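The structure appears below as structure tokens.
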Amino acid sequence: MNGAFDIRGESHIEVHKFRAGAIIIATLLALAIQASFPIHFARFAVLDLPLLVTVYFGLSRRNPSTGLLLGTVIGLLQDSLSGPTVPLGLYGIAKTIIGYLASSIGARLDTEHPAARFALTGAFFVAHQGLLVLTRRILLAQPEPWFNTHLVIAALVNALVAVFLFLLLDRLRKN
Amino acid sequence: MVAIPSRHKSLVLLAGIIVLQVLMLAVQIKRTSEGRLIRVWTVGAVSPFERAGTYGFGWVRTTWRHYFALQNTTKESEQIRRENDALKLQITQLQGKAAEADRLAALLNFRQSHGDVPMIGARVIGTGAGTASLTILLDRGERNGILKNMGVITPDGVVGKVVESYPHASQVLLLTDKESGVGAMLADSRIQSPVGGQGEPLLVMKYVPNDDTVDLGERVITSGMDRIFPRDLPVGTVAEIKPGNPFKLIRIKPAANLERLEEVLVLLSLRPLEMKDEKSAGEAQPPARGATAAKR
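Put into structure tokens, the structure is as follows:
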């Protein structure tokens, strides 16, 4: 594992490939867990597993086109599962941009170190919430507060979970 | 044809997909029925996993509680431990069944005491996949007669309304969601005002003038004015009152435990319903008492 935040040329960054079906299964599992676990543990709703999966595969694949397309698909599926009060495209737009940013950053920085993953996931979580609020305010004319303490706590929790989740997802890589 | 440099291709793709989704949002705002097909597909694809997850989770929890959690005993009392474990296992099973039976009995009593009101019991198998809305997924849908805009309750009180019905599942918007609302009134003073969600555990009663008297702990019941819920179902109790301009700021604690729903009842009618009062309902059942005590 290399030191975190070493800025390198794109050609020196390793592009990770995954076992067949790994991305699809991980995505569906993340969505199903996100939609099931809060029944048993209400506090689980603070996690955004589809976002963590988007960030992980974006950072690993390091291809902006793949990252943004994966973000689009995951976001639209999350929209579909969130009920008709959430218009299709709300999570879609946010996760498209996060997927693009994650894969763009993944192509420039070493994101294998847990500290880098923690910091990046926290930042992406805040950016994701910012994009949701922006979409709601501008496109849907729904007043939403920008930031609150709950957001900070949720960002830290998601970042912490991401460190361990990403280690688990690393096992799906082809050696 | 202008060639796009390869390093800009992903940016162009990003812009294109964002524009498409923005257009899709715009279409949905004008026509709310758009996009239903993808919702049907997605819910159809994921709900079996959720259903399996719910039952699987229950099985794992039961197995864990009934077997693995009982392993920490000493070797000396192996025989006693086995007997003890078997008894504990039976007790745990019976307790679990008793708790479930209590919940189901409450639902059944409620149904029987309102036999004239068509309703169906359903199990909660999932929640919304994000924090943008507060919804739950039920294991019954169109095939069971559940349609959009039907009311959902528990014997404790109002839960929400059906916002989408699929063949084998349906999605319910909880009362605590920002988009949710119910026609309500204060049980004692009979002041009517809609109650809505704020995306938080507490509800808010919106249009009660400052001059009107409201007491902490006062019960809030349905008014029947929304034509979804019958009159006199419990909505909640007044938890906080603050003066506002021009209306009071009243926060309501929901009567139903919306954070821990396992089984619910769906009112199978799109026409205004009338619930029986205690006398006509025969034996007064505890859950129904709250719904009817405030009759004028």
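Top to bottom, those sequences are chains H and E. Mapping the first sequence onto numbering that gives the first Met the number 0, position 27 (from 1) lands on 26, and the numbers just tick up by one. Mapping the second sequence onto numbering that gives the first Met the number 0, position 58 (from 1) lands on 57, and the numbers just tick up by one. Note that the Cβ used here is the ideal one computed from N, Cα and C, for glycine as well. Because the structure is a prediction, the values reported are computed rather than measured.
query: Whether Ser59 of chain H touches His15 of chain H by CB criterion (7 Å); result: yes
query: Residue range of the alpha helix (DSSP H) that includes Pro233 of chain E; result: Unbroken run through Pro233 of chain E is the beta strand (DSSP E), Pro233 to Lys241; no alpha helix (DSSP H).
query: Which residues DSSP lists as bridging Val125 of chain H, in chain order; result: Partner(s): none; Val125 of chain H has no beta bridge.
query: Distance CB(Val219 of chain E)-CB(Leu185 of chain E) smaller than 7 Å; result: yes
query: Start-to-end residues for the alpha helix (DSSP H) that takes in Glu197 of chain E; result: According to the sequence as given, residue 197 of chain E is Gln; it is not Glu. Counting along the chain, Gln197 of chain E falls outside any alpha helix (DSSP H), and DSSP gives it neither H nor E.
query: Residue of E:Leu106, E:Leu264 and E:Glu217 minimising C-alpha distance to Asp187 of chain E; result: E:Glu217
query: Candidates H:Ser79, H:Asp78 and H:Phe56: closest to Leu68 of chain H by CA position; result: H:Phe56
query: Cβ contact (3+ pairs, closer than 8 Å) linking the region 26 to 36 of chain H and the region 60 to 79 of chain H; result: yes
query: Residue of E:Asp211, E:Tyr165, E:Gly196 and E:Asn143 minimising C-alpha distance to Gly159 of chain E; result: E:Gly196
query: Under 8 Å (Cβ pairs) to chain H, residues found in the region 121 to 150 of chain E; result: Val123, Ile124, Gly125, Thr126, Gly127, Ala128, Gly129, Thr130, Ala131, Ser132, Thr134, Ile135 and Leu136
query: Presumed contact (8 Å Cβ cut-off) between Ala34 of chain H and Ala128 of chain E, rounded CB distance; result: 5 Å
query: Proximal residues to Glu33 of chain E (C-beta, below 7 Å), its chain only, five neighbours per side dropped; result: Unreliable positioning characterises Glu33 of chain E in this predicted model, as indicated by a pLDDT of 47, which lies under 50. The coordinate reading is nonetheless provided below. Answer for Glu33 of chain E: Val26 and Gln27, listed in chain order.
query: Cβ distance (whole Å) where Asp101 of chain E is taken to contact Arg122 of chain E below 8 Å; result: Rounded, the Cβ-Cβ distance is 16 Å, inconsistent with contact.
query: Gln33 of chain H - containing alpha helix (DSSP H), residue span; result: Ala21 to His39
query: Interface partners of His39 of chain H on chain E, CB under 7 Å; result: Phe56
query: C-beta contact flag for Pro83 of chain H and Glu141 of chain E at 7 Å; result: no
query: Cβ pair Leu89 of chain H, Thr53 of chain H closer than 7 Å; result: no
query: Distance between beta carbons of Leu215 of chain E and Val237 of chain E, contact taken as under 8 Å; result: 6 Å
query: 7 Å Cβ cutoff, Tyr55 of chain H in contact with chain E; result: no
query: Of the residues E:Pro200, E:Met204, E:Gln170 and E:Glu199, the one placed nearest Val181 of chain E, counting alpha carbons only; result: E:Met204
query: Three-way DSSP call (helix, strand, coil) for Lys252 of chain E in this model; result: strand
query: Neighbour list for Gly91 of chain H in chain E, Cβ cutoff strictly below 7 Å; result: Gln20
query: Cβ-heavy atom distance, Val21 of chain E to the ligand MN, below 6 Å; result: No copy of the ligand MN appears in this structure; indeed no ligand is present at all.
query: Nearest-angstrom Cα separation, counted from Leu248 of chain E out to Val213 of chain E; result: 11 Å
query: Backbone CA spacing between Leu174 of chain E and Gly95 of chain E [nearest angstrom]; result: 28 Å
query: Val158 of chain E - DSSP class collapsed to helix/strand/coil; result: strand
query: Beta-carbon spacing of Glu261 of chain E, Ala31 of chain H below 7 Å; result: no
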